[in-house]
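**Student:**
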Amino acid sequence: MLSRASRRALRRSSCRALVLAGLAALLTAALALAAGPSQATLPGRNGRIMYQDTVGKRVQLFSIRPDGTGRRQLTHFADGDAVNSAWSHDGRRIAFERDFADHAGIFTMNADGSDLRSLTPAGLQGMPAYSPDGGTIVYDRTLGEEGKPSADDALWLMDPAGGNQRRLTAQQAPGHPKFEVQPEFSPDGLRVAFARTESDTRSAVFVIGVDGTSERRLTPWELGAIMPHWSPDGRRIAFNSYPDAHPKGVSSNVYVVNADGSRLHRITDVRGGKRNAGMGSWSPDGRRIAFPQWTVEKDGPHFSLYLMNADGTGIRPLRSTPTPGHVVDWARRP
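Residue numbering for the sequence shown follows my numbering, starting at 219 and increasing by one per position.
What follows is the structure in structure tokens.
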């Protein structure tokens with residue numbers, strides 16, 4: 219069963235928590251269970267890279283060019299965190315989760331941070347991602363009271379203005395808690411990939427049709443897979459994992475699996491447990507992946523942004539000086 223701390227970490231910081239501290243910490247400090255939300259990377263020319271980073275006591279959103287220039291801070295909130303962001307299909311709008319002390323909601327804004335709009339009612343909603351045509355947003359929604367039989371976490375769909383909210387995945391069975399997080403539409407818009415977490419040591423990547431049918435698990439539970447992201451051609455899904463609930467000395471690494479569940483393989487080779495690699499986002503041209511690496515220090519994880527070729531070779535920092543950040547989404551240039 220998910221611990222209370224793990225459930226909170228998953229719900230409010232998939233990336234902040236999940237991608238970070240390990241699966242046992244997958245749930246307590248993981249890769250942002252938080253993206254993670256995430257927007258499908260559509261084929262095209264490479265645009266700006268969006269990520270989140272802590273400024274003072276709050277998490278804010280930033281964007282930057284792929285060559286490491288033109289860094290911009292997009293949010294300046296003093297009353298909550300901006301996390302789990304996703305570009306719209308045309309790169310002109312951003313959906314993201316805004317976390318407050320007692321609730322979390324989905325907001326949208328222009329690519330420059332203007333025209334802020336709230337889409338969801340009071341409660342716990344987050345990790346939004348646009349469909350390829352921009353007509354739908356998929357997101358995570360938690361109903362009921364945490365730790366009670368009424369608690370229910372599932373993926374939902376809504377229109378880009380917040381209307382027509384409807385459930386995508388099934389209600390959880392009594393006594394079998396789950397979190398369904400980090401949803402992302404396939405580039406053809408017909409399926410959604412997501413991570414399902416059932417305990418501190420049990421997480422996997424699933425796909426489901428946009429009509430709620432044909433749900434399928436792609437990765438073994440023991441990998442502790444999180445942060446799934448489609449390749450621009452829709453043939454592969456990359457994710458990162460914490461084997462055996464991240465035992466001491468085991469690092470997080472990035473894996474790739476075909477969309478039918480075949481040819482699962484690791485593309486990074488980080489070892490030792492202190493340094494880790496998490497999944498970020500494919501480039502629209504499909505040639506590269508932007509992703510976070512982090513080290514676990516006494517005061518918590520320390521993130522920096524990196525680029526690598528799609529096969530895991532050619533790893534290098536995003537820019538000449540370290541760029542803190544994680545929960546990455548790469549836009550297609552209009």
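For every residue, glycine included, the Cβ atom is placed at its ideal position computed from N, Cα and C.
1. Given this structure, state the Cα-to-Cα distance separating Ala-369 from Leu-361, to the nearest angstrom.
2. According to DSSP, Leu-525 sits in a beta bridge with which residue or residues?
3. Tell me the rounded alpha-carbon separation between Gly-543 and Phe-521.
4. For Arg-335, collect the residues of the same chain with a Cβ closer than 6 Å to its Cβ; drop the 5 residues on either side in sequence, then sort them by chain order.
5. Rounded to the nearest angstrom, how far is the Cβ of Pro-510 from that of Leu-523, given a contact under 8 Å?
6. Return the first residue and the last residue of the beta strand (DSSP E) that Gln-270 is part of.
7. Could you tell me the boundaries of the beta strand (DSSP E) in which Val-410 lies?
8. Where does Glu-440 fall in DSSP's three states?
9. Whose CA, out of Asn-382, Arg-283, Pro-446, Gly-393, lies closest to the CA of Arg-409?
10. Per DSSP, Gln-553 forms a beta bridge with which residues?
11. Are the stretch 396-413 and the stretch 350-357 touching by the rule of at least three beta carbon pairs closer than 8 Å?
12. Considering only DSSP beta bridges, list what Arg-311 is partnered with.
13. Which class does Ala-247 belong to by DSSP, given the choice of helix, strand or coil?
14. Rounded to the nearest angstrom, what separates Gln-343 and Arg-316 at their Cα positions?
15. Could you tell me which residues DSSP puts in a beta bridge with Thr-513?
16. When the Cα of Pro-367 is compared with those of Ser-303, Gly-393, Glu-433, which residue comes out closest?
17. For Val-514 and Phe-424, what's the separation of their Cα atoms in angstroms?
18. Out of curiosity, what's the CA-to-CA distance linking Ala-243 and Lys-516?
19. How would you write the range of the beta strand (DSSP E) that Glu-321 sits in, first residue to last?
20. Could you compute how far the alpha carbon of Leu-441 sits from the alpha carbon of Ala-347?
21. Helix, strand or coil: which one does DSSP assign to Tyr-460?
22. Determine, using beta carbons only, whether Phe-562 and Leu-373 come nearer to each other than 8 Å.
23. Can you give me the C-alpha to C-alpha distance between Val-488 and Val-277, rounded to a whole angstrom?
24. Taking the alpha-carbon positions, what's the Gly-331 to Met-497 distance?
25. So for Ser-281, helix, strand or coil by DSSP?
26. Are the stretch 532-542 and the stretch 467-479 touching, with three or more C-beta to C-beta distances below 8 Å?
**Tutor:** Taking the geometry as given:
1. Looking up residue 369 in the sequence shown gives position 151. Looking up residue 361 in the sequence shown gives position 143. So the two alpha carbons sit approximately 6 Å from each other.
2. For the purposes of this step, residue 525 is taken as residue 307 along the sequence shown, with counting starting at 1. Partner(s): Ala-508, Arg-534.
3. For the purposes of this step, residue 543 is identified with residue 325 of the sequence shown, where counting begins at 1. For the purposes of this step, residue 521 is identified with residue 303 of the sequence shown, where counting begins at 1. The alpha-carbon atoms of Gly-543 and Phe-521 are separated by roughly 6 Å.
4. Locating residue 335 in the sequence shown gives position 117, counting from the first residue. The answer, listed in chain order, is Thr-326.
5. Here residue 510 refers to the residue found at position 292 of the sequence shown. Here residue 523 refers to the residue found at position 305 of the sequence shown. Yes, they are in contact, since the Cβ atoms of Pro-510 and Leu-523 sit about 6 Å apart, within 8 Å.
6. Position 52 of the sequence shown, counted from the first residue, corresponds to residue 270. Run containing Gln-270: 264-273, per the beta strand (DSSP E) assignment.
7. Sequence index remark: in the sequence shown, residue 410 carries index 192 (1-based). Here the beta strand (DSSP E) through Val-410 covers 409-417.
8. To locate residue 440, count along the sequence shown from 1; it is residue 222. The answer is helix: DSSP assigns Glu-440 an H, G or I state.
9. The residue you call residue 409 lines up with position 191 of the sequence shown. Arg-409 has its Cα closest to that of Pro-446, out of Asn-382, Arg-283, Pro-446, Gly-393.
10. It is not possible to answer for residue 553, since the shown part of the chain is limited to 219 through 552.
11. yes
12. As a position in the sequence shown, residue 311 is number 93, starting the count at 1. Arg-311 is bridged to Asn-328.
13. Walking along the sequence shown from the start, residue 247 turns up at place 29. With a pLDDT of only 38 at Ala-247, under the threshold of 50, the placement of this residue in the model should not be trusted, and no figure is reported.
14. Within the sequence shown, numbered from 1, the residue matching residue 343 stands at position 125. Within the sequence shown, numbered from 1, the residue matching residue 316 stands at position 98. Cα to Cα, the separation comes out at about 9 Å.
15. Looking up residue 513 in the sequence shown gives position 295. Answer is Arg-493, His-520.
16. Position 149 of the sequence shown, counting from 1, holds the residue named residue 367. That would be Gly-393, whose Cα lies nearest to the Cα of Pro-367.
17. Along the sequence shown, one-based indexing puts residue 514 at 296. Along the sequence shown, one-based indexing puts residue 424 at 206. If you take the alpha carbons of Val-514 and Phe-424, they lie about 28 Å apart.
18. The residue labelled residue 243 in the question sits at position 25 within the sequence shown. The residue labelled residue 516 in the question sits at position 298 within the sequence shown. Interpretation of Ala-243 is limited by its pLDDT of 36, a score under 50 that renders its predicted location unreliable; no figure is taken from the coordinates.
19. Here the question's residue 321 lines up with position 103 in the sequence shown. Before going on, a small fix: residue 321 reads as His here, not Glu. Run containing His-321: none; DSSP gives neither H nor E here.
20. One-based indexing of the sequence shown puts residue 441 at position 223. One-based indexing of the sequence shown puts residue 347 at position 129. Taking the straight line joining both Cα atoms gives about 24 Å.
21. As a working note, residue 460 is residue 242 in the sequence shown. Correct three-state label for Tyr-460: coil.
22. This structure cannot settle anything about residue 562, because the visible part of the chain is limited to 219 through 552.
23. Counting from one through the sequence shown, the residue named residue 488 turns up at place 270. Counting from one through the sequence shown, the residue named residue 277 turns up at place 59. Roughly 27 Å separates the two Cα atoms.
24. Translated into the one-based positions of the sequence shown, residue 331 becomes position 113. Translated into the one-based positions of the sequence shown, residue 497 becomes position 279. In a straight line, the C-alpha of Gly-331 is about 25 Å away from that of Met-497.
25. Locating residue 281 in the sequence shown gives position 63, counting from the first residue. Correct three-state label for Ser-281: strand.
26. no
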